[in-house]
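Please read the structure below before turning to the comments.
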DNA sequence: TATACATCCTGTAGTTACTACAGGATCAAG
DNA sequence: CTTGATCCTGTAGTAACTACAGGATGTATA
């Protein structure tokens, strides 16, 4: 059993974030030492690492929580997990499409900018009625 | 001079958002009628529309404010405007690269999922030490 | 004129997922 | 016994809105 600082180091999840996850019920409340300090087992650290991986993959915290719960079931529910991943993948694709659109629009906007004319064509375009 | 609802309709910026922009000093305080209601001119509406366009292009509110100010200068500063746009374009590109990385990781993660085995390979990968 | 409904006002709280304190207690090492 | 690290609780801040609550006013219809 280790203290929160060590659990943070081993999992890559910040101390404040660990306490935040506890408050939010994302992870169970850990044991406490006689001095009221939190004590974490290797299972607890595993959960934190799991959550870190999910977050790094862009899953929302609720999604990460669902995946963690699925992962801890007796026969981990692959179908449900896959569904969560599919939804997330779709949202990643959608964001990417949106960014592509944005980049094209930005390119268009600045195309004739700094052409030497007195008026900035970019700002003009933004002002257009 | 029109009321806030009409200004919202003409600019595409929500009523609450207009008041928010005013509180934040993004747009100047509008005139008030005798009954204390806000009154907007076509110039005010133009500002709101300008901000809406910037936000739709993904500029942050501070960036949008800077662009609006540049746009209202006597000789609109094209160089500065272009610099803001370049910074934004770079951040758009960076986000896109990040999303590409995410998508690849998600594909890898779910590749052998639902392969009929008892254990979900995706959840297994997320658990890996 | 009465009434209903739309629109406006101010001010506050909620959203996401943390992060950063403040103010204090406890621990480990020299 | 002091110093510095670590821990505790609780609160507030971040970005850019959005959603009320509670009340005042305006407008159109019967």
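Residue numbers (my numbering), protein chains in the order written: chain L, 1 to 129; chain B, 1001 to 1129. Idealized CB from N, CA, C, for every residue including glycine.
The closest CA to that of residue 122 (chain L), considering only L:53, L:56, L:109, is found on L:109. Around residue 48 (chain L), the same chain offers 11, 13 as residues with beta carbons nearer than 6 Å, after the five sequence neighbours per side are excluded.
Contact between residue 1051 (chain B) and residue 1064 (chain B) holds, with the beta-carbon distance rounding to 5 Å and staying under 8 Å. Residue-level contact by beta carbon holds for residue 110 (chain L) and chain B, with a gap shorter than 9 Å. Boundaries of the alpha helix (DSSP H) harbouring residue 1008 (chain B): 1004–1011, taken from the DSSP string. In the DSSP annotation of this structure, the continuous segment of the alpha helix (DSSP H) that includes residue 91 (chain L) starts and ends at 78–110. The three-state secondary structure of residue 32 (chain L), taken from DSSP, is strand. Residue 118 (chain L) has no beta-bridge partner at all, per DSSP. Beyond the five residues adjoining it in sequence on each side, residue 117 (chain L) comes within less than 7 Å, by CB distance, of no other residue in the same chain. In the assembly as shown, residue 1085 (chain B) is a buried residue. Its beta-carbon has 16 or more other beta-carbons within 10 Å.
For residue 1070 (chain B), the enclosing alpha helix (DSSP H) covers residues 1061–1072. Between residue 16 (chain L) and chain B, the shortest Cβ-Cβ separation is not below 9 Å. Per the coordinates, the alpha-carbon of residue 1 (chain L) lies some 53 Å from the alpha-carbon of residue 1083 (chain B). Classified as exposed, residue 87 (chain L) has fewer than 16 neighbouring CB atoms from the shown chains inside 10 Å of its CB.
Any Cβ of chain B closer than 9 Å to the Cβ of residue 95 (chain L) would place that residue at the interface, and such an atom is present.
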